[in-house]
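**Student:** In my numbering, the protein residues as written are -16 to 327. Beta carbons are placed, not taken as given, at the ideal position from N, Cα and C, and that holds for glycine. Below you'll find the structure I mean.
In structure tokens form, the structure reads like this:
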């Protein structure tokens, strides 16, 4: 009975989201640049820029802005050689990606330095760039922000996060110690355009942030086909984001290696594998894009892996409620402590 009740709860929730996803997605129209601006008749933003055709765009919360449905993850960029990082960034631009993720903690700033070398000098005008601070106090947050701007060789960030909140008390402490105040000050001065937060370990931390402040414009968190089965961000946080008009930014769509049997970040392993034993990569990623999210931040190990994700974006067709529920139930018997090892 307990398992049946859980399945019914997941089914009802996914059904409630079915109508919301369509409103997020803004498919490419193929219309010329000057005719592709947003209007009541045409909800799409620009579908081409000086570098060519963009991937389909989605709404960035209630901001009035639009971002490409796929973004490049900075943590993996930090781990690449300079040559591969440059190649991957160029592949992203060529493939229509215009959303670029990073954080001061990725490779002790190396991810940001690579963006400063290979992204911003050539593409700052067309790139939506986000970064993040793990600071627990305002002084450190200010230092992190200035360091980020210097490393990435830019005067501003499109989005800056309070990064990796771990618990309700962690949220309370950071806000009490002035981290959000620094971000609001930076927004007023033009150093950042939008404010957000990220959290992947405890959905209750994300909920606490949403209960405590109404200043957040984006939230980066796990969105994958296994999540509804275990300490779920989709079930508990996503409805709040949609209700508040906050942009959901998806990460860990393959559980950061957990779908491949890994139990540590970036790694595959020998534990039971969701991919390819039960789901294909395409099914897993298309599930996440079928949620009402703004974009997926993909952790590509190299340019070839990024090219695969670009192809999946171009081939995406929204799964209906029945298809999504089937995938959730197919993976329900896996051990959450292994698959999503980053949750507490």
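For residue 65, name the three-state secondary structure that DSSP assigns.
**Tutor:** Helix, per DSSP.
**Student:** Measure the C-alpha to C-alpha separation of residue 258 and residue 65 and round it to an integer number of angstroms.
**Tutor:** Rounded to whole angstroms, residue 258 to residue 65 spans 30 Å at the Cα level.
**Student:** Note down, in chain order, each residue of its chain lying with its Cβ closer than 6 Å to the Cβ of residue 82, except the 5 sequence neighbours on either side.
**Tutor:** Here the set comprises 50, 51, 54, 111, 278.
**Student:** Is the beta carbon of residue 161 less than 8 Å from the beta carbon of residue 121?
**Tutor:** Contact: yes.
**Student:** Mapping DSSP to helix, strand and coil, what is residue 275?
**Tutor:** Coil, per DSSP.
**Student:** Compare the C-beta of residue 242 with all C-beta atoms of chain B and state if any pair is closer than 8 Å.
**Tutor:** Within the model displayed, chain B is absent; a lone protein chain is all it includes.
**Student:** Relative to the C-alpha of residue 203, which candidate in 226, 236, 263 has its C-alpha closest?
**Tutor:** If we check each option's Cα against that of residue 203, 236 comes out closest.
**Student:** If you follow the alpha helix (DSSP H) that residue 132 is in, where does it begin and where does it stop?
**Tutor:** Looking at the DSSP string, the run of the alpha helix (DSSP H) that includes residue 132 is 121 to 135.
**Student:** Could you name the residues of the same chain whose beta carbon sits closer than 7 Å to that of residue 244, not counting the 5 residues immediately before and after it, in chain order?
**Tutor:** Cβ within range, chain order: 251, 252, 253, 254, 255, 256.
**Student:** Can you tell me where the beta strand (DSSP E) with residue 139 in it begins and where it stops?
**Tutor:** Neither: residue 139 is in no beta strand (DSSP E) and is coded neither H nor E.
**Student:** Please tell me whether residue 105 and residue 286 are closer than 8 Å, where the distance is taken between their beta carbons.
**Tutor:** No, these two residues do not count as a Cβ contact at 8 Å.
**Student:** Based on the DSSP secondary-structure assignment, which residues constitute the bridge partners of residue 55?
**Tutor:** According to DSSP, which records beta bridges pairwise, residue 55 is partnered with 83, 281.
**Student:** Ignoring anything shorter than 3 residues or poking outside the segment 182 to 249, list the beta strand (DSSP E) runs there in chain order.
**Tutor:** Counting whole runs of 3 or more residues, the segment 182 to 249 contains the beta strand (DSSP E) stretches 201 to 205, 230 to 234.
**Student:** So is residue 260 buried or exposed if we call it buried at 16+ other beta carbons inside 10 Å?
**Tutor:** Flag for residue 260 reads exposed.
**Student:** Pick from 317, 326, 280, 126: whose alpha carbon is nearest that of residue 113?
**Tutor:** Answer by Cα proximity: 280.
**Student:** Let's test the definition: count the other Cβ atoms within 10 Å of the Cβ of residue 328 and tell me whether it reaches 16, buried, or not, exposed.
**Tutor:** One cannot answer for residue 328 here, as it falls past the ends of the chain, which runs -16 to 327.
**Student:** Out of 46, 86, 77, 78, which has the shortest C-alpha to C-alpha gap to residue 58?
**Tutor:** It is 86 whose Cα lies nearest to the Cα of residue 58.
**Student:** Any chance the segment 134 to 151 sits against the segment 174 to 183, with 3 or more Cβ pairs inside 8 Å?
**Tutor:** Yes, the segment 134 to 151 touches the segment 174 to 183.
**Student:** Can you find at least 3 beta carbon pairs, one from the segment 201 to 215 and one from the segment 127 to 138, that sit closer than 8 Å?
**Tutor:** These segments do not touch.
**Student:** What three-state label does DSSP hand residue 149 in the structure shown?
**Tutor:** Three-state DSSP puts residue 149 in coil, outside helix and strand.
**Student:** Please state whether DSSP places residue 323 in a helix, a strand or coil.
**Tutor:** In the structure shown, residue 323 sits in coil (DSSP, three-state: anything other than H, G, I, E or B).
**Student:** Counting only the same chain and skipping the five closest in sequence on each side, list residues whose C-beta sits under 8 Å from that of residue 77.
**Tutor:** Closer than 8 Å at the Cβ level, and outside the excluded window around residue 77, lie 34, 35.
**Student:** From the DSSP secondary-structure annotation, give me the bridge partner or partners of residue 177.
**Tutor:** In the DSSP output, where bridge partners are listed per residue, residue 177 has 142.
**Student:** Quick one: using the 10 Å Cβ neighbour count with 16 as the cut-off for buried, is residue 24 buried or exposed?
**Tutor:** Since pLDDT at residue 24 reaches only 39, below the 50 mark, its modelled position is unreliable, and no value is offered.
**Student:** Residue 114 by DSSP, collapsed to three states: which one?
**Tutor:** Note: residue 114 maps to strand in three-state DSSP.
**Student:** Compare the beta carbon distance of residue 218 and residue 282 with 8 Å and say whether it is the shorter of the two.
**Tutor:** Cβ distance not < 8 Å, so residue 218 and residue 282 don't count as in contact.
**Student:** Under DSSP, the beta strand (DSSP E) around residue 41 begins and ends at which residues?
**Tutor:** Per DSSP, residue 41 belongs to the beta strand (DSSP E) from 40 to 42.
**Student:** Compute the Euclidean distance between the alpha carbons of residue 130 and residue 115, then round it to the nearest angstrom.
**Tutor:** About 11 Å.
**Student:** Could you give the DSSP three-state label for residue 32: helix, strand or coil?
**Tutor:** Strand, per DSSP.
**Student:** Taking 6 Å as the limit between beta carbons, can you name the residues of its chain near residue 223, skipping five residues before and five after?
**Tutor:** If we look at residue 223 and ignore the five residues flanking it on each side, its Cβ neighbours are 193.
**Student:** Taking 7 Å as the limit between beta carbons, can you name the residues of its chain near residue 70, skipping five residues before and five after?
**Tutor:** Here the set comprises 286.
**Student:** Near residue 265, which residues of its chain fall below 8 Å by C-beta distance, leaving aside the five closest residues on each side in sequence?
**Tutor:** The answer, listed in chain order, is 295, 298.
**Student:** Taking residue 124 and residue 166 to be in contact with their CB atoms under 8 Å, please state how far apart those CB atoms are, rounded to whole angstroms.
**Tutor:** Going by Cβ atoms, the distance from residue 124 to residue 166 rounds to 7 Å, so yes, they are a contact pair.
**Student:** If you draw a straight line from the C-alpha of residue 133 to the C-alpha of residue 101, how long is it?
**Tutor:** Between residue 133 and residue 101, the C-alpha separation is close to 14 Å.
**Student:** Taking only three categories from DSSP, how would you classify residue 50?
**Tutor:** Strand.
**Student:** Determine the burial state of residue 292: buried for a count of at least 16 other Cβ atoms within 10 Å of its Cβ, exposed for fewer.
**Tutor:** Residue 292 comes out buried.
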